[in-house]
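2 protein chains.
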Amino acid sequence: MTTDLWCLILLSIGAYLITSRIIPRFRDVFIRANLFGIDLCKSTGAEVPEAVGVLCGCVFLVCMFLFIPARFGQEFIRQKESFPHHELVEYITALLGVTCILLLGFADDVLDVPWRVKLLLPAIAALPMLLVYYATFDITFVVVPKPLRPFVGQSIDLGWLYYMYMMMVVVFSTNAINILAGINGLECGQTVVIALSVLSYNCFEIYMGEVPSHAHYFSVHLLLPFIGTSAALLRYNWYPAQVFVGDTYCYFSGMLFATIGILGHFSKTLLLFFIPQVINFVYSVPQIFHFVPCPRHRLPRYNKLTNNIEMSTVRFKQKDLKFLGRASIGILESMGLLSVQRNVGENREYTECNNFTLVNLILKLFGPMHERSTTIIILLIQILCSCAAFAIRYPLARLFYDV
Amino acid sequence: MTTDLWCLILLSIGAYLITSRIIPRFRDVFIRANLFGIDLCKSTGAEVPEAVGVLCGCVFLVCMFLFIPARFGQEFIRQKESFPHHELVEYITALLGVTCILLLGFADDVLDVPWRVKLLLPAIAALPMLLVYYATFDITFVVVPKPLRPFVGQSIDLGWLYYMYMMMVVVFSTNAINILAGINGLECGQTVVIALSVLSYNCFEIYMGEVPSHAHYFSVHLLLPFIGTSAALLRYNWYPAQVFVGDTYCYFSGMLFATIGILGHFSKTLLLFFIPQVINFVYSVPQIFHFVPCPRHRLPRYNKLTNNIEMSTVRFKQKDLKFLGRASIGILESMGLLSVQRNVGENREYTECNNFTLVNLILKLFGPMHERSTTIIILLIQILCSCAAFAIRYPLARLFYDV
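Below, the structure is given as structure tokens:
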């Protein structure tokens, strides 16, 4: 291991300790500033500070600012003429994107901007990255899988479509984490699992050493302090949550992953580690696109008597549903993935089904259970999916690509 | 003029129009989020949105993100091999510093962090700039004025002291604007005057073309959109203010100036445009360092009957003053720069003097007047000082430096 990696490990441990230290100290500051929420899955009704992810983000940034001279200072002394400016640009751009999304995410948490603006925020924060990508690399071709090569050739240049694709990676990864949320420890837990998975992937690639490992070192350098601060946040966000992470944190982590994937040139592999998020997104589609009515909150319902959480449901008039709504309910019900009750209400004209989120699906499949158990099950699924991702990435990918 | 400059001018006009458009739209959003203040120099007691500078900052950032490909895209196409990565690093680093201070400034406005943390924020946001400076230029020598050359030589290498100096430029310029504040239009007005002055200086240098003008183009590129958004903010912050700019804006503008000065290598000239801020700082020293008691607010006092503002005063026991407090009051009083009343109060044991700010000094010298007139006078002083700065920079500097 090189000196700068040791330095980074120390910084990351420091980041964990400092984040652990400042979160409880800022508790009252957040509540005084009106930044708090009530935990709907508890009977205490206590005020829980919201948007605490911003502290995480700030510690992460300071950590990275201190790491940059350790990373580049030596190279500067060694080779003043051939200083790797293009590498420095990558680090600074990554940090600019992250800082940007922290600013926008925190502004969103404070100002509570409308839904359609929310979707725009990650796109704005992705701009510098895409533009630096354009101004420096501008590599927009993708390698074609072997079975398709007779038709389209060895590789295909996507041009501006590739920029669209990168923008979509950012918008997807930021929002994907934001919508798989709602119970204590889930947002933070899933990102820690994803981060550890990506880190393992990077270490494996560096160890194998088949391709130049610069991109993987870049990823490791961003992930270690991120894991440090996130682990500290998870400690306080774990059941029973003393703080909420806020949109700030979800955007922050999603942006970080997208940046690593794009600037590290492994965005397709990255998406493999988002399988539960993809499942949650696909399952949510009927409500996100309003085929089925979508309430403001789709959190599970808390049962005071049993201290367990149960599926939350949405009720609507059967005749209000359009074709796509009826179709999606019909398909999911026939697959056993949706709990539907028809002809309820006084005039028997209503239909009631569970909200379309992975959390509710788990509660449908396993029955009502303790909030902490639900989080643990989803995190176990995330870990299993990461194992599956490795299986896809290595043995399976060999069938479709040259290694 | 080159294509990218035309593009920037259009973007800056767009920035003005968009900022003008969104500020009134976000009014209620800020008030709903508890981000508002009461204007103490008005009798209406209306709620005025606070920290609106964050909108300015976001529009500025988007504008710059769109400008970067226009600035570097052409060069990329022309000279793929010799792409000026070191120049791109400067832009991205400048934006990183600005984004960082926007995040910290907004967090400060929302969370209202303690005084000592406030001083730390600009220093944190300055880190990436200093570290990029270290990792890329690392030029730490200064040219010695002619009269001193027999003693210390042609130039002197300050080493790490130069980094301390740059850090101090950032901390000074951010806080200098923040403490010359408190009446409608002042924060925003002074920054617009400074920005226009620096812009004139850059244009003059580019026109003269004696030295490579890259640094001055860099400055122009950052200043134009900044002036666009600031002019829009000034429109709403002008008497009677419909919005307050917040610490966010003061930090943002201070950071921008510091960044331009440091990365554009004209930080000493930059400080010449801060003469009123320096005067205000020096005049404030007795209260900032608590030689004389400092109340939470040092705003002028509003007189409902005359609709004018008057000096605000601070009252303390004569015997509580230490030597430095007595000395500073004595010196300022003898120079006619402080209004002091001794032996006031029931037991005649109190002393009362005006608060040590430039705004109060103007009100002492010119007498009570309308709030708008006070702002106009201070802005006129700022303009006169900019003229003086040009006189110092050009004819006078020739006496001390080779041109």
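In order, the protein sequences belong to chains C and A.
Position 138 of the first sequence, counting from 1, maps to 138 under UniProt numbering, and the rest follow consecutively.
Position 355 of the second sequence, counting from 1, maps to 355 under UniProt numbering, and the rest follow consecutively.
Just so it is clear, CB atoms sit at the ideal spot from N, CA and C, and this is done for glycine as well.
Proximal chain A residues relative to Leu65 (chain C), where beta-carbon distance stays under 8 Å = The amino acid occupying residue 65 (chain C) in the given sequence is Phe; Leu does not appear at that position. Near Phe65 (chain C) (Cβ distances below 8 Å), the residues of chain A are Ile124, Leu127, Pro128 and Leu131.
key: Own chain residues within Cβ distance below 7 Å of Ile31 (chain C), not counting five before or after   = Glu47 and Pro49
message = I'd like the span of the beta strand (DSSP E) that includes Gly37 (chain A), first residue to last.
response = Phe36 to Ile38
inquiry  = Check whether chain C comes within 8 Å of Tyr162 (chain A), counting only Cβ atoms and requiring the distance to be less than that.
reply    = no
key: Residues in the region 105 to 118 of chain C having any Cβ partner in chain A nearer than 8 Å   = Phe106, Ala107, Val110, Leu111, Asp112 and Val113
query = Do Glu346 (chain C) and Gln318 (chain C) have their C-beta atoms closer together than 8 Å?
reply = no
task = State the CB to CB distance for the pair Leu388 (chain A) and Ile275 (chain A), rounded to an integer number of angstroms; the pair is presumed to be in contact (CB under 8 Å).
result = The residue asked about is misnamed: residue 388 (chain A) is Ala in this sequence, not Leu. Sure, about 7 Å apart at Cβ, within 8 Å.
message = Strictly under 8 Å for the Cβ-Cβ distance: is Tyr350 (chain A) near chain C by that measure?
response = no
key: Secondary structure, alpha helix (DSSP H): runs of 4+ residues fully inside the region 256 to 287 of chain C   = 267 to 272
ask   = Listed from N- to C-terminal order along the chain, which residues in the region 34 to 51 of chain C have their beta-carbon within a distance smaller than 8 Å of any beta-carbon of chain A?
value = Asn34 and Leu35
ask   = What is the C-beta distance between Val359 (chain A) and Ile378 (chain A), in whole angstroms, given that I count them as a contact (C-beta under 8 Å)?
value = 7 Å
task = Examine the Cβ distances between the region 57 to 75 of chain A and the region 113 to 132 of chain C and report whether three or more of them are shorter than 8 Å.
result = yes
ask   = Can you name the residues of chain C whose CB is closer than 7 Å to the CB of Cys385 (chain A)?
value = The contacting residues do not exist; Cys385 (chain A) stays about 33 Å from chain C at best.
message = List, in chain order, every chain A residue whose beta-carbon is nearer than 9 Å to that of Phe400 (chain C).
response = Per Cβ cutoff of 9 Å: no residues; Phe400 (chain C) is ~31 Å from chain A at best.
request  = Give a yes or no on whether the C-beta atoms belonging to Thr93 (chain C) and Tyr201 (chain C) are separated by under 8 Å.
outcome  = no
8 Å contact criterion, which Val192 (chain C) and Ile227 (chain C) should meet: CB distance rounded = 7 Å
query = How should Thr3 (chain A) be labelled, buried or exposed, when 16 other C-beta atoms within 10 angstroms of its C-beta is the threshold for buried?
reply = exposed
key: Cα-Cα separation between Glu333 (chain C) and Asn184 (chain C), rounded to whole angstroms   = 28 Å
Per-residue DSSP class, three states only, for Tyr350 (chain C) = strand
query = Based on Cα-Cα distance, which residue from A:Pro293, A:Tyr163, A:Val29 and A:Gln154 lies nearest to Leu324 (chain A)?
reply = A:Pro293
ask   = What are the boundary residues of the beta strand (DSSP E) that includes Val344 (chain C)?
value = Val340 to Val344
Contact set between the region 86 to 100 of chain C and chain A, restricted to residues whose Cβ is under 7 Å from the partner = His86, Leu88, Val89, Ile92, Thr93, Leu95, Leu96, Thr99 and Cys100
task = Report all residues from its chain with a CB closer than 7 Å to the CB of Thr248 (chain A); omit the five preceding and five following residues, and keep chain order.
result = Ala51, Gly53, Val54, Gly57, Leu102, Gly105, Phe106 and Asp109
request  = Would you kindly check if the distance between the Cβ of Ala232 (chain C) and the Cβ of Tyr91 (chain C) is under 8 Å?
outcome  = no
task = Measure the C-alpha to C-alpha separation of Val152 (chain C) and Met164 (chain C) and round it to an integer number of angstroms.
result = 21 Å
request  = Taking 8 Å as the cut-off, decide whether the C-beta atoms of Ala176 (chain C) and Phe273 (chain C) are in contact.
outcome  = no
message = Can you list, in chain order, the residues of its chain with a C-beta nearer than 8 Å to that of Gly73 (chain A)? Leave out the 5 residues immediately preceding and following it.
response = none
query = Quick one: what's got a C-beta closer than 8 Å to Val169 (chain A)'s C-beta in the same chain, skipping five residues either side?
reply = Ala258, Gly261, Ile262, Ser267, Leu270 and Leu271
task = Starting from the beta carbon of Phe141 (chain A), find every residue of chain C whose beta carbon is closer than 7 Å, and list them in chain order.
result = Neighbours of Phe141 (chain A) on chain C: none; closest Cβ ~16 Å, over 7 Å.
task = Drop a sphere of 10 angstroms on the beta-carbon of Phe252 (chain A), count the other beta-carbons inside from all chains shown, and report buried for 16 or more, exposed for fewer.
result = buried
query = According to the neighbour-count rule (16 or more other Cβ atoms, all chains shown, within 10 Å of its Cβ), is Pro286 (chain C) buried or exposed?
reply = buried
task = Please list the residues of the region 16 to 33 of chain A that have a C-beta atom closer than 9 Å to any C-beta atom in chain C, keeping them in chain order.
result = Phe26, Val29, Phe30, Arg32 and Ala33
inquiry  = Applying the 10 Å Cβ sphere with the 16-neighbour rule, what's the burial state of Phe141 (chain C)?
reply    = exposed
query = With a Cβ-Cβ cutoff of 8 Å, do Ile288 (chain C) and Pro300 (chain C) count as a contact?
reply = no
query = Mapping DSSP to helix, strand and coil, what is Thr308 (chain A)?
reply = According to the sequence as given, residue 308 (chain A) is Asn; it is not Thr. Of the three classes helix, strand and coil, the one that applies to Asn308 (chain A) here is strand, per DSSP.
query = Nearest to Ile139 (chain C) by CA position, among C:Ala123, C:Val117, C:Met166 and C:Lys146, is which residue?
reply = C:Met166
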